[in-house]
Amino acid sequence: MKELQFTKKVDYSNESIYIGIDVHKKSWGICILTDCYEHKVFSQPPQPIVLVNYLHRNFPNGNYYSAYEAGFCGFWIAHDLEKLGVCNLVVNPSDIPTTNKEKKQKSDKRDARKIARSLRNKALKGIYVPNQKLLEERLLVRTRQKLLSDIKLTLIKEIPACAGIETENPTMLL
């Protein structure tokens, strides 16, 4: 005879879930804390939807708060998490409280735990996160400046060559 197992699904309504994210190109270190305990520290693929699906599956109806260090990855993660219902902070890495032990023994999991702990303790202040339109305008201006710089450099190299002057470093003519 089969035994029936009943599992009661826990509801996290009105409970805060804190997520520290250590962002890297190929994987993210994730630490999840509640007000009372540390749930789990793990690695996952670098996709916000994977994290949000995990949160909805394990912490249904919770209030989700996340933070990650500003860096090479930009602000797309913050925008995606906000769209998926996670309140997110992008923080300056030097503003995260760090113990001497954490400075000497660095790892992705420790960094994620440190970010989550600081978020739970309300010790983090987020930096300005520009909207998508502003980011696109910045990219346009930077691309234009780079193209103009490349054109100038080409002309600087071309003029002495047309006059029959050989130079090792044409930028020295500036």
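For the sequence shown, numbering that gives the first Met the number 0 gives the first residue as 0, with consecutive numbering after it. Ideal placement from N, C-alpha and C gives every residue a C-beta, glycine not left out.
Grab me the residues of residue i's own chain with a C-beta within less than 6 Å of its C-beta, minus the 5 sequence neighbours each way, in chain order.
i, result
"V22", "Y67 and C72"
"G163", "none"
"T166", "P159"
Rounded to whole angstroms, how far is the Cβ of residue i from the Cβ of residue j, which I believe are closer than 8 Å?
i, j, result
"A188", "V128", "Residue 188 is absent from the model: the chain starts at 0 and stops at 173."
"R112", "C30", "4 Å"
"S117", "I150", "S117 to I150, Cβ: 46 Å. No contact."
"K102", "V40", "Wrong, their Cβ atoms sit about 19 Å apart, outside the cutoff."
"N91", "A69", "6 Å"
"D79", "G28", "The Cβ separation is near 18 Å, so there is no contact."
Which partner residues does residue i have in the DSSP bridge list?
i, result
"F41", "I29"
"S65", "I18 and N87"
"G125", "V90"
With distance defined between alpha-carbon atoms, name the residue in the options nearest to residue i.
i, options, result
"T32", "N130, N60, L133 and I114", "Looking at the sequence itself, residue 32 is Leu, so the reference to Thr does not match. Nearest option by C-alpha distance: I114."
"L134", "L83, D10 and W75", "W75"
"I126", "S106, T142, S93 and A162", "S93"
"N130", "T142, E81, D10 and F58", "E81"
"N60", "K145, Y11 and K24", "Y11"
"L54", "T153, K25, E14 and S26", "E14"
"R119", "K24, E37, L146 and K8", "E37"
Using a Cβ-Cβ cut-off of 7 Å (strictly less than) and excluding sequence neighbours within five positions of residue i, which residues of its own chain qualify?
i, result
"S26", "S42, Q43, P44 and P45"
Could you tell me whether the Cβ of residue i comes closer than 9 Å to any Cβ of chain C?
i, result
"F41", "In the structure shown, chain C does not exist; there is a single protein chain."
Excluding the five sequence neighbours on either side, which residues of its own chain have a C-beta within less than 8 Å of the C-beta of residue i, listed in chain order?
i, result
"L83", "P47, I48 and V51"
**Asked** Between the stretch 11-24 and the stretch 44-60, do at least 3 Cβ pairs fall closer than 8 Å?
**Response** At 8 Å Cβ cutoff, the stretches touch.
**Message:** For the structure I just gave you, are there three or more beta carbon pairs, one from the stretch 39-48 and one from the stretch 136-154, closer than 8 Å?
**Reply:** These segments do not touch.
**Message:** Closer than 8 Å is the cut-off here; do at least three beta carbon pairs connect the stretch 79-92 with the stretch 51-65?
**Reply:** Between the stretch 79-92 and the stretch 51-65 there are three or more C-beta pairs closer than 8 Å, enough to call the two in contact.
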